[in-house]
Amino acid sequence: MTRDSTPRAFPYECPPQLQEAPSDCQGDWGWQHEGTDIWASLPSDFATPLLPTPFPATAAPYWVAGSEAVATRLGWTLEQLQTPAAIAYLSGNPTPWDPPHEQRDNLAACDWPRATVYSGHQFGVWAGQLGDGRALCLGERRLQLPGHPPHSYEIQLKGAGKTPYSRGGDGRAVLRSSIREFLCAEAMAGLGIPTVRALSLIGGDFPVFRETTETAAVVARVAPSFIRFGHFEHYAARHQHRELEQLADFVISRHFPHLMSLDPGYPRYQAWLEQIIDDAAQLVAQWQSVGFCHGVLNTDNMSILGLTLDYGPFGFLDQFAWGHICNHSDTQGRYAYAAQPDIFYWNLYALGQALLPLFSTQQPQHAAQTQVQSILDTFPVRYRQAMQQRWWAKFGFLSATQALATAVKTDPQATERDRFIQRTLNDMESASSDFTLFFRTLSRLPAPHAPLALEQCVTLLAPYWANLTQLRAWLADYQHLRQASGQDWATQQTAMLRCNPKYILRNHLAELAIQAAHNRDFSEIARLLSVLRHPYDEQPEYAAYASAPPAWAQTLAVSCSS
Numbered sequence: 202m203t204r205d206s207t208p209r210a211f212p213y214e215c216p217p218q219l220q221e222a223p224s225d226c227q228g229d230w231g232w233q234h235e236g237t238d239i240w241a242s243l244p245s246d247f248a249t250p251l252l253p254t255p256f257p258a259t260a261a262p263y264w265v266a267g268s269e270a271v272a273t274r275l276g277w278t279l280e281q282l283q284t285p286a287a288i289a290y291l292s293g294n295p296t297p298w299d300p301p302h303e304q305r306d307n308l309a310a311c312d313w314p315r316a317t318v319y320s321g322h323q324f325g326v327w328a329g330q331l332g333d334g335r336a337l338c339l340g341e342r343r344l345q346l347p348g349h350p351p352h353s354y355e356i357q358l359k360g361a362g363k364t365p366y367s368r369g370g371d372g373r374a375v376l377r378s379s380i381r382e383f384l385c386a387e388a389m390a391g392l393g394i395p396t397v398r399a400l401s402l403i404g405g406d407f408p409v410f411r412e413t414t415e416t417a418a419v420v421a422r423v424a425p426s427f428i429r430f431g432h433f434e435h436y437a438a439r440h441q442h443r444e445l446e447q448l449a450d451f452v453i454s455r456h457f458p459h460l461m462s463l464d465p466g467y468p469r470y471q472a473w474l475e476q477i478i479d480d481a482a483q484l485v486a487q488w489q490s491v492g493f494c495h496g497v498l499n500t501d502n503m504s505i506l507g508l509t510l511d512y513g514p515f516g517f518l519d520q521f522a523w524g525h526i527c528n529h530s531d532t533q534g535r536y537a538y539a540a541q542p543d544i545f546y547w548n549l550y551a552l553g554q555a556l557l558p559l560f561s562t563q564q565p566q567h568a569a570q571t572q573v574q575s576i577l578d579t580f581p582v583r584y585r586q587a588m589q590q591r592w593w594a595k596f597g598f599l600s601a602t603q604a605l606a607t608a609v610k611t612d613p614q615a616t617e618r619d620r621f622i623q624r625t626l627n628d629m630e631s632a633s634s635d636f637t638l639f640f641r642t643l644s645r646l647p648a649p650h651a652p653l654a655l656e657q658c659v660t661l662l663a664p665y666w667a668n669l670t671q672l673r674a675w676l677a678d679y680q681h682l683r684q685a686s687g688q689d690w691a692t693q694q695t696a697m698l699r700c701n702p703k704y705i706l707r708n709h710l711a712e713l714a715i716q717a718a719h720n721r722d723f724s725e726i727a728r729l730l731s732v733l734r735h736p737y738d739e740q741p742e743y744a745a746y747a748s749a750p751p752a753w754a755q756t757l758a759v760s761c762s763s
């Protein structure tokens, strides 16, 4: 793994001063609460209180979709969220929503909606001050479930109007991109990949101008925190080292409490950075293993908690190609499928540079730089191990409970397996094999000793291979390596079916749901949501959703427009 370039050392420039909060931000808005405001422990300039912008009076908000799984996690029901008051609230209407009294306890530890400020690199270039240009944190939901530690979730509206950080934008989101974001957040959760979640999707029939005139929507997003790499870059670039330390300590104490037993200062920060790097390595390996491409991996789109954040021009691989670019705006292929691990490394380097002041308080600058670099340089090894484990599991070389380190250490054919995997992926690219369908089919191959097993395997895999003679040779090698792992075929198959999904959010499926929604038919969104919440299950009644994309889907393109 190599970096094509590295971020320059801080500072690059001082971003403009934080804009003042709107003068009308007075009084009370929304949920009452008891306890400590979540902003109290953060730097005073971290967030700006302001009102959302409600839909125009002529465009009443309407319910498009909701995630029952997320609502349940927050202690609500979809029925509660679909009342007129709740729909208005979730669209950004500043009329308080009053759920049943028993649901209001500790509902929101926030006395005012707020937008946060951050900076960052976009397409490898320092962009200066950015911030929540169309997102507002409504507050925090605190839950104490029996037998579990307390959990807290921030609830954020995306598309609820202008903020001080809109940079000339209108602060709105369109229905098209909001449907994609809503569905993909829940699809990734179904795949078992760390992600921001989507609670609700509210539409509004008033125009929003992008490449064409579209209609508006608001997504309610949910996460333990929406803090990004860019929040730390912001304070580092402004030389606000006290605020940088305050933000780091807040994140560690709330979201990495197991590190609080370590000595304060750089020993604790070192362990924290190591955790961030490991989380990042695991996340990108999970992405690669299901063919997910983020599309716009700027540093301000990287979650400090290792969550998948900001679903814009994303895409899942159809035909396998290392150089696949899902974002039509990414003309140089910076965020191509195969480039994602390198970009994670690049972004981690930018974060490491931002955190340098935390490591410099108790040691010389050069020593801090060496220490941070040595931590960052563990990422390639962590990623390779995480990716190797994912590939081995997908090919059936590793059971669901088997540790990779043990398997590699005890397997004399480990190197041969890795070469075989690389060879297979290259063959898939040459044959333009469908990534998801190939691995799902691989998971269902009959055992070698079954009658006519070889011919059945050839028939099943023929659509994904360019040459049947080569396929037969490949099958012989594959069966040998899989049997040599020591696991029986049925056990391997069960494990493979739990890591090779049958269903993914293909672009054409999202497009069909979007087209129907423009006619006020939201049933396709509901069906897709139901299917994608259980992507590893057979769900035979939805088999059509697992098919390869139709020819017309090849013309679909997604961009940063949303």
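With our numbering, the residue at position 234 of the sequence shown is 435, and numbering never jumps. Using N, Cα and C, we set each Cβ at its ideal position, and we do this for glycine too. Remember, it's a predicted structure, so these values are computed and weren't measured experimentally.
Margin query: Please identify the residue among Leu-484, Val-271, Gly-507 whose C-alpha is closest to the C-alpha of Leu-730.
Written below: As a position in the sequence shown, residue 730 is number 529, starting the count at 1. Checked all of Leu-484, Val-271, Gly-507; the closest Cα to Leu-730 is Val-271.
Exercise. Helix, strand or coil for Ala-309, going by three-state DSSP, please let me know.
Key: Against the sequence shown, residue 309 aligns to sequence position 108. Unreliable placement is indicated for Ala-309, whose pLDDT of 45 sits below 50; no coordinate value is reported for it.
Comparing alpha-carbon positions, which option in Tyr-704, Pro-750, Leu-733 lies nearest Glu-387? By 1-based counting over the sequence shown, the position of residue 387 is 186. Among Tyr-704, Pro-750, Leu-733, the Cα nearest to that of Glu-387 is on Leu-733.
| task | Select from Val-497, Tyr-366, Thr-254 the residue whose C-alpha is nearest the C-alpha of Val-326. | result | Translated into the one-based positions of the sequence shown, residue 326 becomes position 125. For the residues Val-497, Tyr-366, Thr-254, the minimum Cα distance to Val-326 belongs to Val-497.
Assumed close pair Thr-364, Asp-333 - CB separation to whole angstroms, cut-off 8 angstroms:
Within the sequence shown, the letter at position 163 stands for residue 364. Within the sequence shown, the letter at position 132 stands for residue 333. Going by Cβ atoms, the distance from Thr-364 to Asp-333 rounds to 6 angstroms, so yes, they are a contact pair.
Is Phe-211 helix, strand or coil when you go by DSSP? Here residue 211 refers to the residue found at position 10 of the sequence shown. In this predicted model, Phe-211 has a pLDDT of only 33, less than 50, meaning its place in the structure is not dependable enough to derive any value.
Query - Residues near Trp-592 by beta carbon distance below 6 angstroms, same chain, minus five either side - result: Translated into positions along the sequence shown, residue 592 becomes position 391. Within the same chain, Trp-592 has close Cβ partners Ile-622.
For Leu-662, which residues in the same chain have their Cβ closer than 7 angstroms to its Cβ, ignoring the five residues on either side in sequence?
Against the sequence shown, residue 662 aligns to sequence position 461. Thr-642, Leu-672.
For a quick check, are the C-beta atoms of Gly-534 and Gly-524 less than 8 angstroms apart?
Translated into positions along the sequence shown, residue 534 becomes position 333. Translated into positions along the sequence shown, residue 524 becomes position 323. It is a contact, given that the beta carbons lie within the stated cut-off.
Give me the Cα-Cα distance between Arg-618 and Ala-654, rounded to the nearest whole angstrom.
-> Walking along the sequence shown from the start, residue 618 turns up at place 417. Walking along the sequence shown from the start, residue 654 turns up at place 453. Rounded to the nearest angstrom, the two C-alpha atoms are 22 angstroms apart.
Along the alpha helix (DSSP H) that carries Thr-642, what are the first and last residues, could you check? The sequence position of residue 642 within the sequence shown is 441, counting from 1. Note, Thr-642: alpha helix (DSSP H), 636-643.
Using 8 angstroms as the cut-off, can you tell me whether the segment 438-445 makes contact with the segment 409-421, which would need three or more C-beta pairs spanning the two stretches below that distance? Inter-segment contact for the segment 438-445 and the segment 409-421 is absent: fewer than three beta-carbon pairs are separated by less than 8 angstroms.
Which ranges does the beta strand (DSSP E) cover as unbroken runs of at least 3 residues, wholly within the segment 342-410, from first to last along the chain? Scanning the segment 342-410 for uninterrupted beta strand (DSSP E) segments of 3 residues or longer gives 352-359, 398-410, listed from N- to C-terminal end.
**Study point:** Cutoff 8 angstroms; reference Lys-703; Cβ partners in own chain excluding five residues on either side
**Key:** Within the sequence shown, numbered from 1, the residue matching residue 703 stands at position 502. The answer, listed in chain order, is Thr-637, Arg-641, Pro-736, Tyr-737, Asp-738, Glu-739, Gln-740, Ala-747.
Whole angstroms are fine: how far does the CA of Gln-693 sit from the CA of Cys-338?
Taking the first residue of the sequence shown as position 1, residue 338 is located at position 137. Taking the first residue of the sequence shown as position 1, residue 693 is located at position 492. Those two C-alpha atoms are separated by around 44 angstroms.
| request: Kindly indicate which three-state DSSP category Tyr-263 falls into: helix, strand or coil? | output: Translated into positions along the sequence shown, residue 263 becomes position 62. Looking at Tyr-263 - three-state DSSP - the assignment turns out to be strand.
Backbone CA spacing between Glu-630 and Pro-255 [nearest angstrom] = Here the question's residue 630 lines up with position 429 in the sequence shown. Here the question's residue 255 lines up with position 54 in the sequence shown. If you draw a straight line from the Cα of Glu-630 to the Cα of Pro-255, it comes to about 48 angstroms.
Original post:
According to the Cβ coordinates, are Ile-356 and Pro-262 closer than 8 angstroms?
Top reply: Position 155 of the sequence shown, counted from the first residue, corresponds to residue 356. Position 61 of the sequence shown, counted from the first residue, corresponds to residue 262. Their beta carbons are not under 8 angstroms apart, which means Ile-356 does not touch Pro-262 by this criterion.
- Task: Below 8 angstroms on the Cβ atoms is my guess for Met-588 versus Ala-744; work out the distance and round it to an integer in Å.
- Result: Position 387 of the sequence shown, counting from 1, holds the residue named residue 588. Position 543 of the sequence shown, counting from 1, holds the residue named residue 744. About 30 angstroms separates the two Cβ atoms, so there is no contact after all.
| query | Taking C-beta to C-beta, are Tyr-679 and Ser-634 nearer than 8 angstroms? | reply | Position 478 of the sequence shown, counting from 1, holds the residue named residue 679. Position 433 of the sequence shown, counting from 1, holds the residue named residue 634. In this structure, Ser-634 does not lie closer than 8 angstroms to Tyr-679 by Cβ.
| field | Contact belief for Val-573 with Leu-556 at Cβ below 8 angstroms, rounded distance in angstroms | value | In the sequence shown, residue 573 corresponds to position 372, counting from 1. In the sequence shown, residue 556 corresponds to position 355, counting from 1. Val-573 to Leu-556, Cβ: 7 angstroms. Contact.
Q | Burial state of Gln-483 (16 or more Cβ within 10 Å) | A | Indexing the sequence shown from 1 puts residue 483 at position 282. Around the C-beta of Gln-483, 16 or more other C-beta atoms lie within 10 Å, and the residue is accordingly described as buried.
State buried or exposed for Gln-330, treating a residue as buried only when at least 16 other CB atoms are found within 10 Å of its CB. For the purposes of this step, residue 330 is taken as the residue at position 129 of the sequence shown. Answer is buried; the Cβ neighbour count reaches 16.
| said: I need the boundaries of the beta strand (DSSP E) containing Ser-320, first residue and last residue. | reply: Taking the sequence shown and counting its residues from 1, one reaches residue 320 at position 119. Its beta strand (DSSP E) spans residues 320-323.
Point to revise | Under the three-state DSSP convention, the category Thr-254 falls into | key: Along the sequence shown, one-based indexing puts residue 254 at 53. Thr-254 falls in the coil class under three-state DSSP.
In whole angstroms, what separates the C-alpha of Gly-507 from that of Asp-578?
-> Numbered from its first residue, the sequence shown carries residue 507 at position 306. Numbered from its first residue, the sequence shown carries residue 578 at position 377. Rounded to the nearest angstrom, the two C-alpha atoms are 18 angstroms apart.
In three-state terms, what does DSSP make of Trp-277? By one-based count along the sequence shown, residue 277 stands at place 76. Reduced to three states, the DSSP call for Trp-277 is coil.
Enclosing alpha helix (DSSP H) for Gln-586 [first to last residue]: Numbered from its first residue, the sequence shown carries residue 586 at position 385. 580-596 is the extent of the alpha helix (DSSP H) around Gln-586.
Contact defined as beta carbons within less than 8 angstroms: I believe Leu-706 pairs with Leu-384. What is the distance between those atoms, to the nearest angstrom? Position 505 of the sequence shown, counting from 1, holds the residue named residue 706. Position 183 of the sequence shown, counting from 1, holds the residue named residue 384. Sure, about 6 angstroms apart at Cβ, within 8 angstroms.
**Asked** Below 8 angstroms between beta carbons: does that hold for Gln-614 and Leu-682?
**Response** Stepping through the sequence shown from its first residue, residue 614 is reached at position 413. Stepping through the sequence shown from its first residue, residue 682 is reached at position 481. At a Cβ-Cβ threshold of 8 angstroms, Gln-614 and Leu-682 count as neighbours.
Distance, Cα to Cα, Gly-340 vs Arg-377? Along the sequence shown, read from residue 1 onward, the residue named residue 340 stands at position 139. Along the sequence shown, read from residue 1 onward, the residue named residue 377 stands at position 176. Taking the straight line joining both Cα atoms gives about 26 angstroms.
Q: Give the DSSP bridge partners of Asn-528, in chain order.
A: The count along the sequence shown starts at 1 and reaches residue 528 at position 327. Val-759.
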